[in-house]
Each structure stands twice: as C-alpha cells, then as structure tokens.
Amino acid sequence: MKITIFTILFTFACFNITKARPVSYPGGLTLMLMNSAMKNSLHTHYSPTAKTSLGYKIEYWRGDEFTLNMIQMNNLIKRWNKPESQANFYLKSAIGAALSDKADFESKKNFAGFIGISTDWENQRYFIQYANRYTKAFEIKDFYTQFIHLGIAPYIGEYGDIHTWFMIKIDHTPEFDRKLVFTPHLRFFKNVHLVEVGADTKGKIMFNYVFRY
Amino acid sequence: MKKLIFFVVIFCALYRSSSAEDKSLTVYAYVNGLVCDFCARALEMTIGKQNAVKAINVNLKDKVITINFNDNQRLEDSVISQLINDAGYTVREITNEKK
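Just so you know, the protein sequences line up as chains A and B, in that order. Residues 1 to 213 in my numbering are what the first sequence lists, from first letter to last. Residues 214 to 312 in my numbering are what the second sequence lists, from first letter to last.
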C-alpha cells in the first residue's frame, strides 16, 4: 500500500515535470525560510521556466515532533495578468521521507508526500491567498491543512522602495491540537527580499524570509 | 585652396560618421500583471541579460518597462513580447515614445 501511494505521488510529480512551467522567472533561484506556531521550514527552489519550480524542502512540525524532507514541485497552472492586478492558480506536490522524534515513534522513518493547491489575487494595494494541502506520512501523521492570507498596503511604493503590508494569516489544521490559528503580521518587501514578522493570538512568533535571485 | 577644400571634405565626412554612430534607441513596453518587486525583478533579469540591451528600468506605478539598447542594436517587438511572456507576464503595448 505504501509503495502504491508512493508510486502515485512519484508519477504525479513526473507528470508535473512534463507539464511544467515556472513559478519564478526562468533561471530564478528562491530561498524561503518560514517559522510559525506550528512548524519551521526551509524551501529552496529553482525555476527552469516561468511556470515550474523544483526544489528541496525540509519541515519540522513541532507539535507532533516529526520532520519532512521532500523534493517539491510547484506548477503555475494558470495566471491572469491584468493591467492593475495578477491572479494565479498553482498546484504543489512533494515526495520524500518523514522522520519522527516523538516518544511513541522514536526514529521511525516513512515515505511521505503532499499535494495541494494555492490561489491568489493581488494588486499593489490588496492581497488575498488561499492554499490547502493533504500530507501523508503513514504511521507518523496524515493531515490536512489550509489557510487564508489577507493583506492591505497602506501606501503604494515604486520598485526598490520598502513596501509595507498589514496582513493576517488564518490557519486551519483539523488534525492538530490548535485547529485555528490567527496570525496578524507585517510584511516588508524590498527588491529581492521579503520579510514577514508577527505573532499569533497565543504569542507564538511568526518570522518568514524570502530571497529571490 | 586645395588644402582648405580637402580639410573641409574630411571634416564633413568625420562629422557625418560620428552622427551616424549615435543611434541608440529606447523602447517602452506596457506590461499586464506587473504588481510587485519580484515581478519587476523577473522582467529586469529576463530582458536585461540580452546582448542588445544597454539598460532597463521598471516603473511599477505606470506598469511600464523602459529598455535602452546599445548603439545600432535593438530587439524586435515580437522578441520583446516573447521575453515578457516567458517571464510570466503579458504585453499591452510597445511604443517608441512614453505616454
């Protein structure tokens, strides 16, 4: 059964490769460091075209004490470019391994993978994003997550200025102890650097950093 | 007198030659989907690395990129459109004069 699901995920990833288009610009490299109430993650990827990115991701889920090491592929399925706005629909998938530190599963290893979608709309004033994902790590943890991310910019800047956003992220994780997490935060965006800093309603720090070269 | 005419002819020839070399061109491309610094960066990197391009400037507010070409060089509009599409954006209009 494990091998069957692994094969399905792998086949899906290969299918994505053949359809692929990039998420950054062709030849673009991206580094994403994310820290929130639930997890810490590092994701680095390369975009061979403007509709696909392929990269490595490591996540540590603190509540259930397990790590996911994965090869992740993001596909831009559709982009709507308008004179003042942009909207996107992405498919995200990954395959790799899970390792649990939790007492019951000390050093247990499993195949793991996830699949999900992400969609967003933004102009220079407003931002809205919805994303979900189903993660399968077999005996360690199978879980579904989704979130909504909203933002408003108090001023409109030019390229190279510091852009500031007031934002809120609402995470819904039905299989975790905290099913709903509200995280108001600030986003600062300048040139190739993006930083998000905030704290959720229980005081857990959010710190995200994205660098695109 | 012959010498004077000779120098005048040489001077005119050199003057015309130097004027003909000064043929740098600027093109303005109006782009859809240009909403953030990452978009600007994508266009800057994709178009800026072309040999014919001397300099590129991205204006987020007006959604226009200004492309300065090297002397006597340029990219066809269709090539500029394709490069912008390859970067993930679409072209609204390409002109030789800013609106």
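From the three backbone atoms N, C-alpha and C, an ideal C-beta is built for every residue, glycine too. Being a predicted model, the structure only gives us computed values, none of them experimental.
(request) Give the range of the beta strand (DSSP E) segment to which B:E306 is assigned. (result) B:E306 -> beta strand (DSSP E) spans 303-308.
(request) Tell whether a beta-carbon distance below 9 Å holds between B:N297 and B:L256. (result) Going by the sequence as given, residue 297 of chain B is Ile instead of Asn. Against a cut-off of 9 Å, the Cβ pair of B:L256 and B:I297 comes out as a contact.
(request) At 8 Å on the CB atoms, spell out the chain B contacts of A:R79, in chain order. (result) G246, G301
(message) Quick check on B:V244: does DSSP put it in helix, strand or coil?
(response) strand
(request) Count the CB pairs spanning the segment 162-172 of chain A and the segment 185-196 of chain A that are closer than 8 Å, and state whether there are at least three. (result) yes
(message) Which residues of the segment 125-148 of chain A have a Cβ closer than 8 Å to any Cβ of chain B? Give them in chain order.
(response) none
(request) List the residues of chain A whose Cβ lies closer than 7 Å to the Cβ of B:R305, in chain order. (result) Close partners of B:R305 in chain A (Cβ separation under 7 Å): P83.
(message) Going by beta-carbon coordinates alone, are B:A242 and B:V277 separated by less than 9 Å?
(response) yes
(message) What would DSSP say about A:I152, mapped onto helix, strand or coil?
(response) strand
(request) Along the beta strand (DSSP E) that carries A:Q129, what are the first and last residues, could you check? (result) 126-136
(message) Does any residue of chain B have a CB that is nearer than 9 Å to the CB of A:N191?
(response) At least one CB of chain B lies nearer than 9 Å to the CB of A:N191.
(message) Can you check whether the C-beta of A:I156 is within less than 9 Å of a C-beta belonging to chain B?
(response) yes
(request) Provide the residue(s) that pair with A:T145 in DSSP beta bridges, ordered along the chain. (result) A:R133
(request) Please list the partners that A:S24 has in chain D, where partner means a Cβ-to-Cβ separation under 8 Å. (result) Looking at the structure shown, chain D is missing, and the protein chains on hand are A and B.
(request) Tell me A:D120's beta-bridge partners as DSSP assigns them. (result) A:N88, A:Q129
(request) Compute the beta-carbon to beta-carbon distance between A:F127 and A:S93, rounded to the nearest angstrom, for a pair I have assumed lies under 8 Å. (result) Wrong, their Cβ atoms sit about 24 Å apart, outside the cutoff.
(message) I'd like the list of long-range same chain contacts for A:I148, defined as Cβ closer than 8 Å, with 5 residues on each side in sequence excluded.
(response) I128, Q129, Y130, K169, I170
(request) Select from the segment 156-181 of chain A all residues with a C-beta closer than 8 Å to any C-beta belonging to chain B, and list them in chain order. (result) I156, G157, E158, Y159, G160, H163
(request) Please compile the residues from chain A whose C-beta is within a distance smaller than 8 Å of the C-beta of B:K276. (result) Listed along chain A are P83, E84, each with a C-beta nearer than 8 Å to that of B:K276.
(message) Distance cutoff 9 Å, beta carbons only. Does B:V292 sit that close to anything in chain A?
(response) Output row for B:V292: interface = no.
(request) Would you decide whether A:E196 is buried or exposed? Buried here means 16 or more other CB atoms lie within 10 Å of its CB. (result) Under this definition A:E196 is a buried residue.
(message) Classify A:C14: buried if its beta carbon has 16 or more other beta carbons within 10 angstroms, exposed otherwise.
(response) In this prediction, A:C14 has a pLDDT of 38, which is less than 50 and means its spatial position is unreliable; nothing more can be read from the coordinates.
(request) Could you please give me the residues that DSSP links to A:K204 through a beta bridge? (result) According to DSSP, which records beta bridges pairwise, A:K204 is partnered with nothing at all.
(request) State the DSSP-derived secondary structure class of B:L296, mapped to helix, strand or coil. (result) helix
(message) Just checking: is the beta-carbon of B:N210 within a distance shorter than 9 Å of some beta-carbon in chain A?
(response) With chain B covering 214 to 312 only, the question about residue 210 of chain B has no answer from this structure.
(request) Take B:V266 and list the residues in its own chain whose beta-carbon comes closer than 8 Å to its own, dropping the five residues that flank it on each side. (result) I260, I280, N281, F282, N283, L288
(request) For B:T259, go through chain A and note every residue whose CB falls closer than 7 Å to its CB, in chain order. (result) Residues of chain A passing the Cβ test: Y25, P26.
(message) Only counting the same chain, and skipping five residues up and downstream in sequence, which positions put a Cβ closer than 6 Å to that of B:V248?
(response) none
(message) What are the residues in the segment 49-75 of chain A lying within 8 Å of chain B by C-beta distance?
(response) T49, A50, K51
(request) Give the DSSP-derived three-state secondary structure of B:T259 in the structure shown. (result) helix
(message) Which of the three DSSP states is assigned to A:T11 in this structure?
(response) Because A:T11 sits at a pLDDT of 40, beneath the cut-off of 50, its placement in the model cannot be relied upon, and the following sentence gives the value as read from the coordinates. In this structure, A:T11 counts as helix in the three-state DSSP scheme.
(message) Does B:S291 come out as helix, strand or coil in the three-state DSSP assignment?
(response) helix
(message) So, with DSSP's three-state summary, where would you put B:D250?
(response) helix
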